[in-house]
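Here is the structure we will look at, set down as structure tokens.
There are 2 protein chains.
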Amino acid sequence: MLSKKAKYAIKALLALADSNGDEPVRIADLARAEQIPPKFLELILLGLKNQGLLQSRKGKGGGYLLARDPAEIYLGQVVRMFDGPLAPVPCASQTAYQRCSDCKNEAVCGVHLAMKEVRDATARVLDGTSLASLRSKVDQIVPPNT
Amino acid sequence: MLSKKAKYAIKALLALADSNGDEPVRIADLARAEQIPPKFLELILLGLKNQGLLQSRKGKGGGYLLARDPAEIYLGQVVRMFDGPLAPVPCASQTAYQRCSDCKNEAVCGVHLAMKEVRDATARVLDGTSLASLRSKVDQIVPPNT
DNA sequence: ATTTACTCTATCGGGTAAGTAGACTAATGT
DNA sequence: ACATTAGTCTACTTACCCGATAGAGTAAAT
Numbered sequence: 021m022l023s024k025k026a027k028y029a030i031k032a033l034l035a036l037a038d039s040n041g042d043e044p045v046r047i048a049d050l051a052r053a054e055q056i057p058p059k060f061l062e063l064i065l066l067g068l069k070n071q072g073l074l075q076s077r078k079g080k081g082g083g084y085l086l087a088r089d090p091a092e093i094y095l096g097q098v099v100r101m102f103d104g105p106l107a108p109v110p111c112a113s114q115t116a117y118q119r120c121s122d123c124k125n126e127a128v129c130g131v132h133l134a135m136k137e138v139r140d141a142t143a144r145v146l147d148g149t150s151l152a153s154l155r156s157k158v159d160q161i162v163p164p165n166t
Numbered sequence: 021m022l023s024k025k026a027k028y029a030i031k032a033l034l035a036l037a038d039s040n041g042d043e044p045v046r047i048a049d050l051a052r053a054e055q056i057p058p059k060f061l062e063l064i065l066l067g068l069k070n071q072g073l074l075q076s077r078k079g080k081g082g083g084y085l086l087a088r089d090p091a092e093i094y095l096g097q098v099v100r101m102f103d104g105p106l107a108p109v110p111c112a113s114q115t116a117y118q119r120c121s122d123c124k125n126e127a128v129c130g131v132h133l134a135m136k137e138v139r140d141a142t143a144r145v146l147d148g149t150s151l152a153s154l155r156s157k158v159d160q161i162v163p164p165n166t
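Structure follows, in structure tokens:
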């Protein structure tokens, strides 16, 4: 299950990617536009900033903006940051491997093998999808009215 | 995250598939062999029986056995049964679709699109893997000493 | 100096996962 | 018949974490 935090984070990042990249967007505006509880979004954006994905500007005319090119912000990083490893089970994780105590021999464990396949499949999707590529995929289905 | 229930269920099913299919296996034996808390396993096996994946026999010489051919028991069914839909987000689920309230237009939602890809990828793995095929995959890597 | 808006810590309620306990029921063997 | 074996069922406990909110604090801009 994707947490609300991760979900809101992606929505917010996409919105920021869409907005003209130079002017900061206020938390309150973003919250209203994306239907996210403002105080909750606050927390999320702060996290994204600490990860280096966002910049902030304080005071009047302040707000948040992307710290990098949308083509170089991948969903994998965002999801891992809020929800932890992609693997359904710690022993199948690439980034946070952990042996499971109740497993005599990992090499012969069916759960391990199957879950490794699942993790690889989802990693392929999420680490292969950037804000920019996601945007263009959406536009391909429903063209923007320019 | 895969729940312990689902994980234990898969392990138990695999063990049952390996055991000579005609003699029932006792909960206690299965629990010891797979390092699962016996009372907890009890619950899990009961669930699997109610789903029609297992049969049981009471009294002396009793226990559990598979109700179907291992080639026709798919991980997807087991995981869904204990952990719910495979999709990371309800609006991306095939088997339990649910619109999300905070989404103005699903067709233009990046989260929806990306998560649908994730769900398809994991469904491809889990609905394509049976106990039998999983067993043979494991054996292919570490041949059994016959 | 004042306003604006981000920063940080603490807290709360509710839900759920993991595991345990114990009484009950059904089948088997002698 | 009856004791034994083993699955069935309900209820409970414990612990943890998610989603959300509150409020005081800090930094920047005009």
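Quick mapping for you: the protein sequence lines, in order, are chains A and B.
Using this note's numbering, read the first sequence as starting at 21 and increasing by one per residue.
Using this note's numbering, read the second sequence as starting at 21 and increasing by one per residue.
Just so you know, even glycine gets a beta-carbon here, dropped at the ideal spot from N, CA and C.
On a predicted model such as this, the values are computed, not experimentally measured, just so you know.
1) Starting from residue 84 of chain A, trace the beta strand (DSSP E) in both directions and tell me its first and last residue.
2) Does the beta carbon of residue 27 of chain A sit closer than 7 Å to a beta carbon anywhere in chain B?
3) Give me whichever residues DSSP pairs with residue 45 of chain B in a beta bridge.
4) Opposite residue 4 of chain A in the DSSP bridges: which residues?
5) With a threshold of 7 Å between beta carbons, is residue 41 of chain B in contact with chain A?
6) Are the CB atoms of residue 77 of chain A and residue 108 of chain A within a distance shorter than 7 Å?
7) Give a yes or no on whether 7 Å exceeds the smallest Cβ distance from residue 149 of chain A to chain B.
8) From the DSSP output, which residues share a beta bridge with residue 94 of chain A?
9) Does residue 136 of chain B pass the burial test, meaning 16 or more other C-beta atoms within 10 Å, or should it be called exposed?
10) Near residue 26 of chain B, which residues of its chain fall below 6 Å by C-beta distance, leaving aside the five closest residues on each side in sequence?
11) Are the beta-carbon atoms belonging to residue 150 of chain B and residue 91 of chain B less than 7 Å from one another?
12) Mind listing the chain B neighbours of residue 146 of chain A? Cutoff is C-beta to C-beta under 8 Å, in chain order.
13) Looking at chain B, which residues of the stretch 100-118 of chain A have a Cβ within less than 7 Å of any of its Cβ atoms?
14) Here's a check: name, in chain order, each residue in its chain whose Cβ is nearer than 6 Å to the Cβ of residue 143 of chain A, leaving out the five neighbours to either side.
15) Taking only beta-carbon atoms, is residue 47 of chain B less than 7 Å away from chain A?
16) Can you say whether residue 83 of chain B is buried or exposed, counting buried as having 16 or more other CB atoms within 10 angstroms of its CB?
17) Using 8 Å as the Cβ pair cut-off and three pairs as the minimum, do the stretch 152-165 of chain A and the stretch 46-65 of chain B touch?
18) Looking at chain B, is there any beta carbon in it that lies within less than 7 Å of the beta carbon of residue 22 of chain A?
19) Can you give me the C-alpha to C-alpha distance between residue 97 of chain A and residue 158 of chain A, rounded to a whole angstrom?
20) Any beta-carbon of chain A closer than 7 Å to the one on residue 38 of chain B?
21) Taking only the alpha-carbon atoms, compute the straight-line gap between residue 154 of chain A and residue 37 of chain A and give it to the nearest angstrom.
22) Do we get a CB-CB distance below 7 Å when we pair residue 91 of chain B with the residues of chain A?
23) Taking Cβ positions, are residue 134 of chain B and residue 61 of chain A nearer each other than 7 Å?
24) Once DSSP output is grouped into helix, strand and coil, what is the label at residue 118 of chain B?
25) How big is the Cα-Cα spacing for residue 12 of chain B and residue 66 of chain A?
26) To the nearest angstrom, how far is it from the Cα of residue 87 of chain B to the Cα of residue 69 of chain B?
27) Which class does residue 104 of chain A belong to by DSSP, given the choice of helix, strand or coil?
28) Could you work out which residue in A:63, A:115 and A:93 is closest to residue 73 of chain A when comparing CA atoms only?
29) So for residue 55 of chain A, helix, strand or coil by DSSP?
So, to answer that:
1) Locating residue 84 of chain A in the first sequence gives position 64, where the first residue counts as 1. Its beta strand (DSSP E) spans residues 83-86.
2) If you number the first sequence from 1, residue 27 of chain A lands on position 7. By this cut-off, residue 27 of chain A is an interface position.
3) In the second sequence, residue 45 of chain B corresponds to position 25, counting from 1. Beta-bridge pairing links residue 45 of chain B to B:84.
4) Past the edges of chain A, shown from 21 to 166, lies residue 4 of chain A, and the structure says nothing about it.
5) Numbered from its first residue, the second sequence carries residue 41 of chain B at position 21. Not one chain A Cβ lies under 7 Å of residue 41 of chain B.
6) What you label residue 108 of chain A is simply residue 88 of the first sequence in a count that begins at 1. What you label residue 77 of chain A is simply residue 57 of the first sequence in a count that begins at 1. Cβ distance not < 7 Å, so residue 108 of chain A and residue 77 of chain A don't count as in contact.
7) Locating residue 149 of chain A in the first sequence gives position 129, counting from the first residue. So, interface residue.
8) Along the first sequence, read from residue 1 onward, the residue named residue 94 of chain A stands at position 74. DSSP lists A:150 as partners of residue 94 of chain A.
9) The residue you call residue 136 of chain B lines up with position 116 of the second sequence. The residue is buried, with at least 16 neighbouring Cβ atoms inside 10 Å.
10) Along the second sequence, one-based indexing puts residue 26 of chain B at 6. Excluding residues within five positions, the ones whose Cβ falls inside 6 Å are 99, 102 and 103.
11) Your numbering for residue 150 of chain B matches position 130 in the second sequence. Your numbering for residue 91 of chain B matches position 71 in the second sequence. Yes, the pair counts as a contact, with Cβ atoms nearer than the cut-off.
12) For this step, residue 146 of chain A is matched to residue 126 along the first sequence. Result: 134 and 138.
13) 108 and 109
14) Here the question's residue 143 of chain A lines up with position 123 in the first sequence. Only 106 meet the Cβ criterion.
15) Here residue 47 of chain B refers to the residue found at position 27 of the second sequence. No, no contact with chain A.
16) The residue you call residue 83 of chain B lines up with position 63 of the second sequence. The residue is buried, with at least 16 neighbouring Cβ atoms inside 10 Å.
17) no
18) As a working note, residue 22 of chain A is residue 2 in the first sequence. Output row for residue 22 of chain A: interface = yes.
19) Taking the first residue of the first sequence as position 1, residue 97 of chain A is located at position 77. Taking the first residue of the first sequence as position 1, residue 158 of chain A is located at position 138. Whole-angstrom Cα-Cα distance: 20 Å.
20) Position 18 of the second sequence holds residue 38 of chain B. No, no contact with chain A.
21) In the first sequence, the residue the question calls residue 154 of chain A occupies position 134. In the first sequence, the residue the question calls residue 37 of chain A occupies position 17. Cα-Cα distance, rounded: 11 Å.
22) Within the second sequence, the letter at position 71 stands for residue 91 of chain B. So, not an interface residue.
23) Residue numbering aside, residue 134 of chain B sits at position 114 when the second sequence is read from its first letter. Residue numbering aside, residue 61 of chain A sits at position 41 when the first sequence is read from its first letter. No, the pair does not count as a contact, with Cβ atoms beyond the cut-off.
24) As a working note, residue 118 of chain B is residue 98 in the second sequence. Note: residue 118 of chain B maps to coil in three-state DSSP.
25) Missing from the structure shown is residue 12 of chain B; chain B here goes from 21 to 166 and no further.
26) Residue numbering aside, residue 87 of chain B sits at position 67 when the second sequence is read from its first letter. Residue numbering aside, residue 69 of chain B sits at position 49 when the second sequence is read from its first letter. So the two alpha carbons sit approximately 8 Å from each other.
27) Numbered from its first residue, the first sequence carries residue 104 of chain A at position 84. Coil.
28) Position 53 of the first sequence, counted from the start, is the residue given in the question as residue 73 of chain A. Ranking the options by Cα distance to residue 73 of chain A, first place goes to A:93.
29) As a first step, residue 55 of chain A must be located in the first sequence, where it is residue number 35. Coil at residue 55 of chain A, not helix or strand.
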